[in-house]
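Under full-length UniProt numbering, the letters of the sequence shown match residues 1 to 148, in that order. Every residue gets a Cβ at the ideal spot worked out from N, C-alpha and C, and that includes glycine. Encoded as structure tokens, the structure appears first; notes follow it.
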Amino acid sequence: IILKLSKTDFHFEQNNVQHKTNKFGKERLIIRRGKEISITLYFDGRNYDKETDKITFIVKTGPMIEFELADQLRKNEWSASVHKNSGSELSVIILPPANSIIGHYSLKCKISSDGKSATAEMGKFVLLFNPWCEGTVPSSETLAIKKC
Numbered sequence: 001i002i003l004k005l006s007k008t009d010f011h012f013e014q015n016n017v018q019h020k021t022n023k024f025g026k027e028r029l030i031i032r033r034g035k036e037i038s039i040t041l042y043f044d045g046r047n048y049d050k051e052t053d054k055i056t057f058i059v060k061t062g063p064m065i066e067f068e069l070a071d072q073l074r075k076n077e078w079s080a081s082v083h084k085n086s087g088s089e090l091s092v093i094i095l096p097p098a099n100s101i102i103g104h105y106s107l108k109c110k111i112s113s114d115g116k117s118a119t120a121e122m123g124k125f126v127l128l129f130n131p132w133c134e135g136t137v138p139s140s141e142t143l144a145i146k147k148c
């Protein structure tokens, strides 16, 4: 039986506070590149099994990027790792790299089990520049502001 995603919790308030974007709203996810976010996936029918279930995340803001759920985060590319597995609930950490394109993103989840796969829409988020993150390349506007 293929694992079925029933719901995603983006932890809007918690993530937005950590990303210093909570003043922009509490009903949507607004994050900064180069900084981790925490989401929770809820499954119907059966529990997540690392041995048989492959989860691939798909982010899109024009270019489409796919990255698999892994054991560790990778700093210089989109990555995701398991924070906590409670069977029917899976807490995941996602890291957008510091050089990600700024903009509006959609997030999908492709789940593969027993040779079958299904893709589910998870939601949307906004990715902003992160002035506190090493590795972000500042724009000429940012450099001009810092010189003032």
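Presumed contact (8 Å Cβ cut-off) between residue i and residue j, rounded CB distance
{"i": "Ala80", "j": "Ile94", "result": "5 Å"}
{"i": "Glu89", "j": "Thr40", "result": "6 Å"}
{"i": "Glu27", "j": "Phe12", "result": "6 Å"}
Rounded separation between residue i and residue j - CA only
{"i": "residue 196", "j": "Asn47", "result": "Residue 196 is absent from the structure shown; the chain starts at 1 and stops at 148."}
{"i": "Ser38", "j": "Pro63", "result": "23 Å"}
{"i": "residue 183", "j": "Lys35", "result": "A question about residue 183 goes unanswered here, because the residues of the chain that appear run from 1 up to 148."}
{"i": "Lys60", "j": "Lys84", "result": "26 Å"}
{"i": "Val92", "j": "Ala120", "result": "16 Å"}
{"i": "Leu3", "j": "His104", "result": "28 Å"}
{"i": "Cys133", "j": "Lys23", "result": "20 Å"}
{"i": "Met122", "j": "Leu29", "result": "12 Å"}
{"i": "Tyr42", "j": "Gly135", "result": "33 Å"}
{"i": "Leu67", "j": "Leu73", "result": "First, the amino acid is wrong: residue 67 is Phe here, not Leu. The straight-line gap from Cα to Cα measures roughly 11 Å."}
Enclosing beta strand (DSSP E) for residue i [first to last residue]
{"i": "Phe43", "result": "Ile37 to Asp44"}
{"i": "Glu68", "result": "Met64 to Ala70"}
{"i": "Arg32", "result": "Leu29 to Arg32"}
{"i": "Lys4", "result": "Lys4 to Asp9"}
{"i": "Thr56", "result": "Asp53 to Lys60"}
Unbroken alpha helix (DSSP H) run spanning residue i, endpoints
{"i": "Phe12", "result": "Phe12 to Gln18"}
Every unbroken beta strand (DSSP E) inside the segment 75 to 131 [3 residues or more] = 79 to 85, 89 to 95, 103 to 113 and 116 to 128
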